[in-house]
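For reference, the structure discussed in these notes is given below.
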Amino acid sequence: MEHVDGTVDPGGVVLYALSTCVWCKKTRALLEELGVTYDYEYVDLASPARQSEIEGEVMARTGRASYPTICTPTDCVVGYRPDEIRLLLGL
Amino acid sequence: MAEREAQEVEALRERLEREARAGGYHLNPDVEFTSALVEGLLTNQARYGYPSCPCRRAAGERAEDVDIICPCDYRDADLDEYGACYCALYVSRDVVDGKKEAGAIPERRPAKREDRPQFRGEAAPAGSGIKVWRCRVCGYLCAREEAPEVCPICKASRDRFEAFAWPPG
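Chains A and B are the protein sequences, given in the same order. Note that this note's numbering gives residue 12 to position 12 of the first sequence, counting from 1, and the numbers run on in steps of one. Note that this note's numbering gives residue 1127 to position 127 of the second sequence, counting from 1, and the numbers run on in steps of one.
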């Protein structure tokens, strides 16, 4: 898990992404534009065991396993949906 | 990106664009966006041995991932419904013309492994329940939910297709 320090910390923001995915890149760019403090993990670069673990967690929380998935302790947004992401982060 | 990699990306992007055009498809006209996807395809080709979708997690075994090798099994249905495939490498005419925007779309690939096309098994014969369309111009037949935007053989538009066979019921 990588950490990015921003100027706003909504608390416990985690982004699950793929290193090859353009929508994931856009999501990271949005978070950085908003100056959000967050953690992220590139699922495709993780160990097979860790990949299964993330997949299970994302499935449990969103009912599917697709990326980008951005989560706070209370909710998640699946896909690059700037308006919903802003809403999720209260920004 | 190294010079050689940039050349490789550009060469593949150009080839995909040429092939798309020849088959009546359209590559996303946003070259920067499309190049980033093509780079992802090359990464996956090197990593797994096949160009799986850059926007989906691959299992790393061809038999598992065969439905998400680009162009994926879900491309045409997503083009028909949303005007873009899942990663938006391929888009519809409306997106090319700026009448529609390509954005985030829901994942059509079944979450359950056993529901994916390569694992569906014998219960329902392949192709059952699927419409067959006929190009009135050249006679090309295809079995899919909607006729293609453009006939890949003679380039006639979708409105030149007719229903050839309808699934019973």
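Note that CB positions come from ideal geometry on N, CA and C, so glycine has one too. From a predicted model like this one, the values you see are computed outputs, not experimental measurements.
What is the rounded straight-line gap between the Cα of residue i and the Cα of residue j?
i: residue 1146 (chain B); j: residue 1131 (chain B); result: 8 Å
i: residue 71 (chain A); j: residue 1141 (chain B); result: 46 Å
i: residue 5 (chain A); j: residue 45 (chain A); result: 22 Å
i: residue 2 (chain A); j: residue 1025 (chain B); result: 39 Å
i: residue 1094 (chain B); j: residue 1148 (chain B); result: 14 Å
i: residue 1016 (chain B); j: residue 1151 (chain B); result: 18 Å
i: residue 1036 (chain B); j: residue 1051 (chain B); result: 14 Å
Which residue from the options puts its Cα closest to that of residue i?
i: residue 1023 (chain B); options: B:1159, B:1160 and B:1154; result: B:1154
i: residue 76 (chain A); options: A:1, A:8, A:5 and A:13; result: A:13
i: residue 1032 (chain B); options: B:1073, B:1075, B:1021 and B:1088; result: B:1088
i: residue 1075 (chain B); options: B:1020, B:1056 and B:1085; result: B:1085
i: residue 1065 (chain B); options: B:1133, B:1044 and B:1091; result: B:1044
i: residue 1113 (chain B); options: B:1059, B:1026, B:1052 and B:1162; result: B:1059
i: residue 1099 (chain B); options: B:1110, B:1082, B:1107 and B:1108; result: B:1082
i: residue 35 (chain A); options: A:78, A:11, A:74 and A:64; result: A:11
i: residue 1038 (chain B); options: B:1107, B:1010, B:1004 and B:1002; result: B:1010
i: residue 1080 (chain B); options: B:1133, B:1092, B:1159 and B:1135; result: B:1092
i: residue 1048 (chain B); options: A:86, A:89 and A:20; result: A:20
Can you tell me whether residue i is helix, strand or coil according to DSSP?
i: residue 1149 (chain B); result: coil
i: residue 1078 (chain B); result: helix
i: residue 19 (chain A); result: coil
i: residue 1162 (chain B); result: strand
i: residue 76 (chain A); result: strand
i: residue 24 (chain A); result: helix
i: residue 1035 (chain B); result: helix
i: residue 47 (chain A); result: coil
Indicate whether at least one CB of chain A lies closer than 7 Å to the CB of residue i.
i: residue 1084 (chain B); result: no
i: residue 1054 (chain B); result: yes
i: residue 1008 (chain B); result: no
i: residue 1129 (chain B); result: no
i: residue 1057 (chain B); result: yes
i: residue 1012 (chain B); result: no
i: residue 1016 (chain B); result: no
i: residue 1037 (chain B); result: yes
i: residue 1019 (chain B); result: no
i: residue 958 (chain B); result: Examination of residue 958 (chain B) is not possible in this model, given that chain B is present from 1001 through 1169 alone.
i: residue 1107 (chain B); result: yes
Looking at the C-beta of residue i, does it have a partner C-beta in chain B at a distance below 7 Å?
i: residue 21 (chain A); result: yes
i: residue 79 (chain A); result: yes
i: residue 52 (chain A); result: no
i: residue 66 (chain A); result: yes
i: residue 75 (chain A); result: no
i: residue 44 (chain A); result: yes
Bridge partners for residue i per DSSP, in chain order?
i: residue 39 (chain A); result: A:3 and A:14
i: residue 1004 (chain B); result: According to DSSP, residue 1004 (chain B) bridges with nothing at all.
i: residue 1157 (chain B); result: B:1150
i: residue 1128 (chain B); result: For residue 1128 (chain B), which the question treats as bridged, DSSP gives no partner whatsoever.
i: residue 70 (chain A); result: A:15 and A:77
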